[in-house]
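Counting in the working numbering, the first sequence runs from 914 upward without gaps.
Just so it is clear, CB atoms sit at the ideal spot from N, CA and C, and this is done for glycine as well.
The structure appears right after this line, and notes come after that.
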Amino acid sequence: MSSFAGRMKEYPTLSLDRFDRENLHARAYFLSHCHKDHMKGLKGPLLKRKLQFSRTVRLYCSFVTKELLLSNPKYAFWEEYIVPLELESPTQISLVDEASGEKEDVVVTLLPAGHCPGSVMFLFEGSQGNVLYTGDFRLAVGDASRIEHLHSGNRVKDIQSVYLDSTFYDPRFYQIPTREVCLNGISVLIGNWISQSPYHVVWLNCKAAYGYEYLFTNLGEEFNTRIHVNHLAMFKKMPEILSYVTTDRRMQIHACRHPKDEEFFQGNRLPCGCTAPDGTPLRIISIKPSTMWFGERTKKTNVIIKTGASSFRACFSFHSSYSELKDFLSYLRPVNIYPSVIPLGRTLTEVTQMLKLMCRNQSDQAAFIYKPLGVLKRNRVQRPTQGDTKHTNTHTDNRDRCSPQHVPERTAPPVSVEESLPLTVTDTQSATHNYVDCTESNGEEEDDDDEEGEEHDRKGDTKPTKKVIKEGERKRKETSNAPKWEDFFNGEMLSDSQNSQSQSCCSNTTTSPSRMTGSQTPELFSDQEEETHEHNDNFSLSLSASLSNHSSQNMDSCLPDTLILQPEQGGREQGDVSTNTKTESDDLILPSELEELSTSQASQASSDFDIACTPESKVPRPDELSQLYRKLASGEEVVIRKGSQGFA
DNA sequence: GCGATCAGGT
DNA sequence: CACACCTGATCGC
């Protein structure tokens, strides 16, 4: 939860995501997204009063955030004070002190944050340097390089400070399966259930917060259905969402919530009722999206975990993992990094210390510390990235992004045109008009033209950036001026790299915890019921969450995600569980287990790092192995390194 | 009576 | 595995 006080050192006259206390005196407000912990004071009477007496104070946010905010009557009074801005459209804002008339200009650019619909990061460029406030965000490894406005020409902008969503800035949260991987796991689980009969339904036990919408849209698309939800009104101007949700409860996928007594409706009860219109009892499984993370030494990332007879937890994260954050920061290399969240069990000092390592003047040190991991992991996988899931494009270069040493001094790898994000000239103009409206002044649309062009990347050289963008804009799907929740999806589309890098250390195996080699970290895999349940095959499947384009389960197919579904137990609550949806079952387990074993073996079972082999050594090939076996069997002398156990 | 804050729950 | 949110108790105005 954000503990950001609302103000940045460089531009203390504006406030972000906090609207109480000192922030009451701000000259401009910014709301990164519509979550309550970023809206403190936003409906306060003091602020309301201030607005009524002010001619210049406005709230800046994305169109989608505006829409969501105003859908709540408590914030309706903001309507005339909100200035929605297009994504990726640098907009000059005058910060006016109404008492003295003193004025300071700053250029703000909204960047997609991938956290929830409408969520953005704010890039400020002005006399005090370039400052990035991330709000809450989830970007995948490599995404920073695709954000046009973080670049100037082919270089990374000189960022003075980053105000960071540090929710998971802790090695504990080293890895969180990518959005696509998680989505895929959920899809498989749902597909296997609802295909059994029209009475098999799924309840997505989502929190009352924005951020699950992409789940709904993707599932809706995949299963050609709508998701049952309680309210639609907030999405009325967002057809991309609206077309996948409904208040009709005769759906097989639900994300509805009961107004009260949530605990009563846990497990396999459906908030909107447990029987079909014709009276037939529904067969319900519940899926609770929740964050799951994995240590750096962990190969497996089970995106689905069974937590009860008919309940599951599915991996889902609104925030970037530790490795994603490190990638982001090592790409930008800001001078300062300020955490806006203190991860549980840590102190501000600790986090600040850790973040220092990612700051520019510490860069050598950071590289020294982290380089080995990146190098080793990267080297292991040679195959090109497998693009995965329907929303992913392939970017074979992503893997490189992983390691700090690939971050150029200050020059960014050129962002290819097709990867760049859109900015239409009209966007910019309309945004500028917004600005003009609220602080009477120059109506000219070129605010950046006459910037001092010297000092290379320093502040506000938006001009070159714009030029680059113009080339790229064609390639992107049309962006209209209409309010669109793509603010969010843009973020989504950025993360097309997926499976490759953030999990480059993984092999695609499916094993139960008990079968794991000693090197694993067992606590991560204590899948609640897993060990206690015997497989009764009623609903047992064990497969990769990313089935689509992994025809074979090669050792180096770097898909880590393993979907572990345990058999449906007895099912008396559901009345049953007739079925046998044993899909790709046990036969699949074996080969991968073997792989798992031999892989661990090769790395001496000490960790999941891709520890480099002894220079002369290599992983034995099958034929070599059988030869080895023969020798062993015949009693021939074979040199065996300490710790090797032979292949079971 | 209202808002802010905290504890406790999901 | 924690997120974002809700409710209810308490306190101050």
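With C-beta atoms as the reference, is residue 1117 less than 9 Å away from residue 987?
No, the pair does not count as a contact, with Cβ atoms beyond the cut-off.
Using C-beta distances below 7 Å, list every residue in its chain close to residue 967, excluding the 5 sequence neighbours before and after it, in chain order.
Same-chain partners within the cutoff: 1011.
With contact counted as at least three CB pairs below 8 Å, one residue from each stretch, are the stretch 948-968 and the stretch 1051-1061 in contact?
Touching, no.
If you pair each beta-carbon of the stretch 943-950 with each one of the stretch 1024-1044, do three or more pairs fall below 8 Å?
Touching, yes, given that three or more Cβ pairs across the two stretches are closer than 8 Å.
What would DSSP say about residue 1103, mapped onto helix, strand or coil?
The answer is helix: DSSP assigns residue 1103 an H, G or I state.
Could you tell me the alpha carbon to alpha carbon distance between residue 927 and residue 1251, rounded to whole angstroms?
One C-alpha to the other measures close to 17 Å.
List in chain order: all unbroken beta strand (DSSP E) runs of 3+ residues lying wholly within the stretch 1050-1089.
Segments of the beta strand (DSSP E) lying fully in the stretch 1050-1089: 1072-1077.
Along the chain, where does the alpha helix (DSSP H) containing residue 1266 start, and where does it finish?
Looking at the DSSP string, the run of the alpha helix (DSSP H) that includes residue 1266 is 1261-1269.
Report buried or exposed for residue 959, applying the criterion of at least 16 other Cβ atoms within 10 angstroms of its Cβ.
With fewer than 16 other Cβ atoms within 10 Å, it is exposed.
Can you name, in chain order, every residue of its own chain whose Cβ lies under 7 Å from the Cβ of residue 1271, other than the five neighbours on each side?
Cβ within range, chain order: 1239, 1242, 1243, 1250 and 1279.
Which of helix, strand or coil does DSSP assign to residue 1577?
No answer is possible for residue 1577: it lies beyond the span of the chain, which begins at 914 and ends at 1561.
Can you round the beta-carbon distance between residue 1232 and residue 1091 to whole angstroms, since I take them to be within the 8 Å contact cut?
With 8 Å as the limit, residue 1232 and residue 1091 do not qualify as a contact, their Cβ atoms being about 13 Å apart.
Leaving out the 5 sequence neighbours to the left and right, which residues in its chain are closer than 6 Å to residue 982 when beta-carbon positions are compared?
Within the same chain, residue 982 has close Cβ partners 947 and 988.
Would you call the stretch 1037-1050 and the stretch 1219-1227 touching, i.e. three or more CB-CB distances under 8 Å?
Touching, no, given that fewer than three Cβ pairs across the two stretches are closer than 8 Å.
Which residues in the same chain as residue 979 place their Cβ atom closer than 7 Å to its Cβ, once the five residues preceding and following it in sequence are excluded?
Within the same chain, residue 979 has close Cβ partners 995 and 997.
So is residue 1083 buried or exposed if we call it buried at 16+ other beta carbons inside 10 Å?
By the neighbour-count rule (16 or more Cβ atoms within 10 Å), residue 1083 is buried.
Which of helix, strand or coil does DSSP assign to residue 1243?
Helix at residue 1243.
Give the secondary structure of residue 1004 by DSSP, where H, G and I count as helix, E and B as strand, and everything else as coil.
DSSP places residue 1004 in strand when its eight states are reduced to three.
What is the C-beta distance between residue 1019 and residue 1008, in whole angstroms, given that I count them as a contact (C-beta under 8 Å)?
Residue 1019 to residue 1008, Cβ: 6 Å. Contact.
Taking only three categories from DSSP, how would you classify residue 928?
Reduced to three states, the DSSP call for residue 928 is strand.
Beta strand (DSSP E) containing residue 942: first to last residue?
Its beta strand (DSSP E) spans residues 941-943.
Is residue 1011 helix, strand or coil when you go by DSSP?
In this structure, residue 1011 counts as coil in the three-state DSSP scheme.
Whole angstroms are fine: how far does the CA of residue 1073 sit from the CA of residue 923?
So the alpha carbons of these two residues sit roughly 9 Å apart.
Where in the stretch 1154-1222 do unbroken runs of the beta strand (DSSP E), each at least 3 residues long, occur, reported from the N-terminal end onward?
Listed in chain order, the complete beta strand (DSSP E) runs (minimum 3 residues) inside the stretch 1154-1222 are 1196-1203 and 1214-1221.
Using the Cβ count rule (16 or more neighbours within 10 Å means buried), how would you classify residue 1126?
It is buried - the Cβ of residue 1126 has at least 16 other Cβ atoms within 10 Å.
Over what stretch of residues does the alpha helix (DSSP H) that includes residue 1047 continue unbroken?
Careful: residue 1047 lies outside any alpha helix (DSSP H) and carries neither H nor E.
So, using beta-carbon positions, are residue 1031 and residue 976 closer together than 9 Å?
Yes. Within cutoff.
Evaluate residue 1149 with the Cβ neighbour count: other Cβ atoms within 10 Å of its Cβ, from every protein chain shown; 16 or more gives buried, anything less gives exposed.
That one is exposed.
So, for residue 1102: in the same chain, excluding its five sequence neighbours on each side, which residues have a beta-carbon less than 6 Å away from its beta-carbon?
Answer for residue 1102: 1217, listed in chain order.
Starting from residue 962, trace the alpha helix (DSSP H) both ways and give me its first and last residue.
958-966 is the extent of the alpha helix (DSSP H) around residue 962.
Determine the extent of the beta strand (DSSP E) in which residue 1127 is found, giving its start and end residues.
That residue, residue 1127, is in no beta strand (DSSP E); its alpha helix (DSSP H) goes 1126-1136.
Please work out which residues of its chain come closer than 8 Å, Cβ to Cβ, to residue 1259, disregarding the five sequence neighbours upstream and downstream, and give them in chain order.
These residues qualify, in order along the chain: 1083.
In three-state terms, what does DSSP make of residue 969?
Correct three-state label for residue 969: coil.
As a quick exercise: from 1114, 1143 and 1190, pick the residue whose alpha carbon is nearest that of residue 1165.
The residue with the shortest Cα to Cα distance from residue 1165 is 1114.
Return the first residue and the last residue of the alpha helix (DSSP H) that residue 979 is part of.
It spans 976-983 - the alpha helix (DSSP H) in which residue 979 sits, taken as one unbroken run.
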